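Numbering (my numbering), first residue to last: 1 to 162.
Right under this line is the structure:
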């Protein structure tokens, strides 16, 4: 009987681990290393679009940083606020991870407007947003604002540069 209890506990730990790994992988999609992977794919296809993509991502980062530093919204799990970077990192509104993936996908969808790419973009943004809330890094309003911020900034950059 004890063996079954250990097996059940081990199975629960494995499930938690798989869930945690999925959430961390989903969060990775909203980080700079992921959008640099997209850049590597864009480089041989369309160098001008790559520049537009990078400008949109940089603009999204700046807009998110300014909003975070102005609003100084506490995360679900508070963080220290000793330096300017700490202030940025400790602020939850808007979600920069969600803004980044929304920015990335908005540029790609604007450049290549297909149903499948649009669906992939919406799904990726939703997965990253979900992961940020599930990991207790953000509130729902943070990820919604991040998605809107990333998409709008990219739309304006694309409209201006293309």
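Yeah, the Cβ is synthetic: ideal placement off N, Cα and C, and Gly gets one too.
In this text the structure is predicted, and so the values were computed from the model without any measurement.
Can the beta-carbon of residue i be found closer than 9 Å to that of residue j?
| i | j | result |
| --- | --- | --- |
| residue 101 | residue 128 | yes |
| residue 143 | residue 76 | no |
| residue 59 | residue 96 | no |
| residue 130 | residue 26 | yes |
| residue 98 | residue 141 | no |
| residue 158 | residue 52 | yes |
| residue 28 | residue 34 | yes |
Need the endpoints of the alpha helix (DSSP H) that residue i sits in, please.
| i | result |
| --- | --- |
| residue 68 | 47-71 |
| residue 83 | Note, residue 83: premise wrong, no alpha helix (DSSP H); not H, not E. |
| residue 117 | 115-134 |
| residue 97 | 96-111 |
| residue 29 | Residue 29 -> no alpha helix (DSSP H), and no H or E assigned at all. |
| residue 162 | Note, residue 162: premise wrong, no alpha helix (DSSP H); not H, not E. |
Report the residue from the options whose alpha carbon sits nearest the alpha carbon of residue i.
| i | options | result |
| --- | --- | --- |
| residue 56 | 139, 88, 47, 104 | 104 |
| residue 68 | 85, 77, 58, 53 | 85 |
| residue 108 | 26, 20, 162, 22 | 162 |
| residue 23 | 160, 136, 159 | 136 |
| residue 89 | 160, 72, 21 | 72 |
| residue 91 | 35, 139, 154, 17 | 139 |
| residue 31 | 132, 115, 18, 17 | 132 |
| residue 48 | 118, 125, 111 | 111 |
| residue 106 | 114, 115, 116, 121 | 121 |
| residue 145 | 42, 63, 28, 43 | 63 |
| residue 150 | 54, 43, 20 | 54 |
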